[in-house]
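Sequential numbering of the sequence shown, starting at 16, is according to our numbering.
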Amino acid sequence: MSRNPYVESRDPELADLLAREEARQYYTAKLIPSENYASNAVMEATGTVLANKYSEGYPHKRYYEGQQFIDPIEEMAVHRATALFGADHANVQAYSGSPANLAAYVALIKKKSDNKRILALSLNEGGHLTHGHKVSVTSRFFEAHHYTVDRDTHLIDYDAVRERALEVQPAVIVAGATCYPRIIDFARFKAIADEVGAKLLADIAHIAGLVAGDAHPSPVPYADVVTTTTHKTLRGPRGGLILCTNAMARAVDRAVFPGLQGGPHNNTIAALAVALKEAAAPEFRAYARQIVVNSRALSDALLAGGARVITGGSDNHLVLFDATPFGATGKQGAVAMDVAGLEANANTVPFDPRSPMDPSGVRLGTPALTSRGMGAAEMAKIGQWICEAVRSRDNETELLHIREQVRDLMAAFPAPGFEGGVPPRSLLDA
Ligand SMILES: *Cc1c(COP(=O)(O)O)cnc(C)c1O
Numbered sequence: 016m017s018r019n020p021y022v023e024s025r026d027p028e029l030a031d032l033l034a035r036e037e038a039r040q041y042y043t044a045k046l047i048p049s050e051n052y053a054s055n056a057v058m059e060a061t062g063t064v065l066a067n068k069y070s071e072g073y074p075h076k077r078y079y080e081g082q083q084f085i086d087p088i089e090e091m092a093v094h095r096a097t098a099l100f101g102a103d104h105a106n107v108q109a110y111s112g113s114p115a116n117l118a119a120y121v122a123l124i125k126k127k128s129d130n131k132r133i134l135a136l137s138l139n140e141g142g143h144l145t146h147g148h149k150v151s152v153t154s155r156f157f158e159a160h161h162y163t164v165d166r167d168t169h170l171i172d173y174d175a176v177r178e179r180a181l182e183v184q185p186a187v188i189v190a191g192a193t194c195y196p197r198i199i200d201f202a203r204f205k206a207i208a209d210e211v212g213a214k215l216l217a218d219i220a221h222i223a224g225l226v227a228g229d230a231h232p233s234p235v236p237y238a239d240v241v242t243t244t245t246h247k248t249l250r251g252p253r254g255g256l257i258l259c260t261n262a263m264a265r266a267v268d269r270a271v272f273p274g275l276q277g278g279p280h281n282n283t284i285a286a287l288a289v290a291l292k293e294a295a296a297p298e299f300r301a302y303a304r305q306i307v308v309n310s311r312a313l314s315d316a317l318l319a320g321g322a323r324v325i326t327g328g329s330d331n332h333l334v335l336f337d338a339t340p341f342g343a344t345g346k347q348g349a350v351a352m353d354v355a356g357l358e359a360n361a362n363t364v365p366f367d368p369r370s371p372m373d374p375s376g377v378r379l380g381t382p383a384l385t386s387r388g389m390g391a392a393e394m395a396k397i398g399q400w401i402c403e404a405v406r407s408r409d410n411e412t413e414l415l416h417i418r419e420q421v422r423d424l425m426a427a428f429p430a431p432g433f434e435g436g437v438p439p440r441s442l443l444d445a
């Protein structure tokens, strides 16, 4: 009966927590925009004997013997990545998105150069920690400068980015975000980078699946290096992927290994190969488009429920709203939603007067629910529940009433990755 029979017999204590987490993931509305449900095939590849193998180096240039089957697997992943994204070169070894970004900086900024300046979107306005935030090592090894978004529209103001670039004269401009609900104009970023003689790094960690499915313009024609995670909208295993021009290929590969890492995680690389094959299928294009349709439907429902949606809507997979008009902080809103079975995270809104530990906003996304086959009608319902939950944050009866409805809805939309058995609902409150 168990989905994990071997863990259950070896380590019942772990198996119990695992089973309950499975049930939690199945019956909760996963609205965290960086999360998804990987397919059974991706998860199966992740759990294979490939994890036993050391293969430092690159195909046909390894420091260990026994690579007869590892080499073609890595080559397959590389080939599928370059084909899917139309890139010259791919490195599939980065352990995750953050190490991929570090490798990109190392590759793009020459060791002996005096110019170690990077210019990226500030954290509070939607950038990532690895974009030179003061608590990230990226700001210790490089000199970080930031641009923000427009104070009124909360959109990236490309004229202001250009002004900042002219001031800072960066070596690298980073285009990409962890919390930005609109299209990013990579062609514009390229023009700015060219004008100041900077290299362009596009970090598409959040939107890689949309780019692959043609639901967001691709940075590949413009950027020297493109980094991404593989587990967000791309729906693969937890990992990192770097795409780059032929001119950057050697520097990128050397930055990853031996620069920053040891042996590649071959099981993850195999699972990435599977995910890239899935992402090249016509259904994935439909998936990517539906993510955006759902995101718009969700933001419409929030607006109808009285929420202050940042930028007034969404063009991608992500919706950010300010919880303070509901009389709640972002954290209080996200906690109330969690009680109601609606899983999200508190996030700063642009120019947030509150601290990142207890910000004003709640960040939402539709990739995971879209993977379950939900559409605009379900988003409308969920948007309404979100507003009710944040408003009723002190009313436990109301929150639990929403939670039962959420669980019924989740039960009606099977999640990928659970083909081995649907977790029993009885585990939820055990
Ligand atoms: C998620 C994310 C990363 C980091 O990925 P990890 O796999 O969590 O290290 C980097 N950049 C952006 C824009 C992200 O959203």
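Positions of the beta carbon are idealized from the N, C-alpha and C atoms, including for glycine.
**Study point:** Nonlocal neighbours in the same chain, by C-beta distance under 6 Å from V364, ignoring five residues either side
**Key:** Against the sequence shown, residue 364 aligns to sequence position 349. Taken in chain order, the residues that qualify are I325, D337, S375, G376.
Point to revise | Assigned secondary structure, C194 (DSSP; H/G/I helix, E/B strand, else coil) | key: Counting from 1 along the sequence shown, the entry for residue 194 is found at position 179. Looking at C194 - three-state DSSP - the assignment turns out to be coil, as it is neither helix nor strand.
Review point. Assuming P252 contacts I198 under a Cβ cut-off of 8 Å, what Cβ separation, rounded to an integer in Å, is found between them?
Key: As a position in the sequence shown, residue 252 is number 237, starting the count at 1. As a position in the sequence shown, residue 198 is number 183, starting the count at 1. With a beta-carbon spacing of about 27 Å, P252 and I198 fall beyond the 8 Å limit used to define contacts.
Review point. Can we say the segment 254-269 touches the segment 97-108, given the rule of at least three CB pairs closer than 8 Å?
Key: The segment 254-269, when compared against the segment 97-108, does touch it at the 8 Å Cβ threshold.
**Study point:** Burial state of M372 (16 or more Cβ within 10 Å)
**Key:** As a first step, residue 372 is located in the sequence shown; it is residue number 357 there, counting from the start. The C-beta of M372 has fewer than 16 other C-beta atoms within 10 Å across all chains shown, which makes the residue exposed.
Exercise for review: Specify, as a first and last residue, the run of the beta strand (DSSP E) that F157 falls within.
Suggested key: On the sequence shown, position 142 is the one that residue 157 refers to. Run containing F157: none; DSSP gives neither H nor E here.
Review point. What did DSSP end up calling R203 once you bin it into helix, strand or coil?
Key: Here residue 203 corresponds to residue number 188 of the sequence shown, with the count starting at 1. R203 falls in the helix class under three-state DSSP.
Review point. Per the contact definition of three or more C-beta pairs closer than 8 Å, is the segment 187-202 in contact with the segment 59-66?
Key: Fewer than three beta-carbon pairs drawn from the segment 59-66 and the segment 187-202 are found closer than 8 Å, and the two stretches are therefore not classed as touching.
Point to revise | For N362, the residue or residues it bridges with in DSSP | key: As a working mapping, residue 362 is identified with position 347 in the sequence shown. G376, per the DSSP bridge assignment.
**Study point:** Pick from N51, P20, I47, R35 that is closest to G432, judged by C-alpha positions
**Key:** To locate residue 432, count along the sequence shown from 1; it is residue 417. Closest by alpha carbon: N51.
Check your understanding: In terms of residues, what are the limits of the alpha helix (DSSP H) holding F454?
Key -> With the chain represented from 16 up to 445, any question about residue 454 goes unanswered, as that position is not in the structure.
Exercise for review: Please report how far the alpha carbon of S17 lies from the alpha carbon of R440, in whole angstroms.
Suggested key: Here residue 17 is taken as the residue at index 2 of the sequence shown, counted from 1. Here residue 440 is taken as the residue at index 425 of the sequence shown, counted from 1. Approximately 14 Å, taken between the alpha carbons.
Practice item. Have a look at G228, E23, P234, A426 and flag the residue whose alpha-carbon is nearest the alpha-carbon of L216. Key: Within the sequence shown, the letter at position 201 stands for residue 216. It is P234.
Review point. Does the distance from the CB of P382 to the CB of I284 come in under 7 Å?
Key: Position 367 of the sequence shown holds residue 382. Position 269 of the sequence shown holds residue 284. Taking a C-beta distance under 7 Å as the contact criterion, P382 and I284 do not qualify as a contact pair.
Check your understanding: According to DSSP, what are the bridge partners of T242?
Key -> The residue given as residue 242 occupies position 227 in the sequence shown. Per DSSP, the beta-bridge partners of T242 are D218, I257.
Exercise for review: Identify the continuous alpha helix (DSSP H) that holds N116 and give its terminal residues.
Suggested key: If you number the sequence shown from 1, residue 116 lands on position 101. Following the DSSP letters along the chain, one finds N116 inside the alpha helix (DSSP H) bounded by residues 112-123.
Point to revise | Burial state of Y78 (16 or more Cβ within 10 Å) | key: The sequence position of residue 78 within the sequence shown is 63, counting from 1. With fewer than 16 other Cβ atoms within 10 Å, it is exposed.
Review point. Any idea if E80 is buried or exposed, counting beta-carbon neighbours within 10 angstroms, 16 or more meaning buried?
Key: In the sequence shown, residue 80 corresponds to position 65, counting from 1. In summary, E80 is exposed, with fewer than 16 beta-carbon neighbours lying within 10 Å of its beta-carbon over all protein chains present.
Practice item. For A119, verify whether its CB is less than 6 Å away from any heavy atom of ligand 1. Key: Reading the sequence shown from its first residue, position 104 is the one you call residue 119. A119 has its Cβ no nearer than 6 Å to any heavy atom of ligand 1.
Review point. Which partner residues of I133 appear in the DSSP bridge assignment?
Key: As a working note, residue 133 is residue 118 in the sequence shown. In the DSSP output, where bridge partners are listed per residue, I133 has A159, V187.
Exercise for review: Pick out whichever of P27, E37, V22 has its Cα sitting closest to the Cα of V449.
Suggested key: No answer is possible for residue 449: the residues shown for the chain start at 16 and end at 445.
Check your understanding: Between the beta-carbon of A361 and the beta-carbon of A349, is there less than 7 Å?
Key -> The residue you call residue 361 lines up with position 346 of the sequence shown. The residue you call residue 349 lines up with position 334 of the sequence shown. A contact, by the Cβ cut-off of 7 Å.
Exercise for review: Can you give me the start and stop residues for the beta strand (DSSP E) that F336 sits inside?
Suggested key: In the sequence shown, residue 336 corresponds to position 321, counting from 1. Element bounds for F336: 333-337.
Check your understanding: Any idea what DSSP makes of H104, helix, strand or coil?
Key -> As a working note, residue 104 is residue 89 in the sequence shown. Shown here, H104 sits in a strand according to DSSP, grouped into three states.
Check your understanding: Is any heavy atom in ligand 1 found nearer than 6 Å to the beta carbon of T193?
Key -> What you label residue 193 is simply residue 178 of the sequence shown in a count that begins at 1. Correct: T193 has its Cβ closer than 6 Å to ligand 1.
Check your understanding: Using a threshold of 6 Å, is the CB atom of A220 nearer than that to any non-hydrogen atom of ligand 1?
Key -> The sequence position of residue 220 within the sequence shown is 205, counting from 1. Because some heavy atom of ligand 1 lies under 6 Å away, the Cβ of A220 counts as near it: yes.
Point to revise | Option nearest N130 by Cα separation, candidates D26, S386, P185 | key: Residue numbering aside, residue 130 sits at position 115 when the sequence shown is read from its first letter. Ranking D26, S386, P185 by Cα distance to N130 puts P185 first.
Point to revise | Contact between the segment 266-277 and the segment 115-131 (3+ Cβ pairs under 8 Å) | key: Below 8 Å, enough C-beta pairs join the segment 266-277 and the segment 115-131 to call them touching: three or more.
Review point. With a cut-off of 8 Å, do at least 3 Cβ pairs link the segment 386-397 to the segment 308-317?
Key: Yes, the segment 386-397 is in contact with the segment 308-317.
Check your understanding: CB of S329 to nearest heavy atom of ligand 1: below 6 Å?
Key -> Against the sequence shown, residue 329 aligns to sequence position 314. No.
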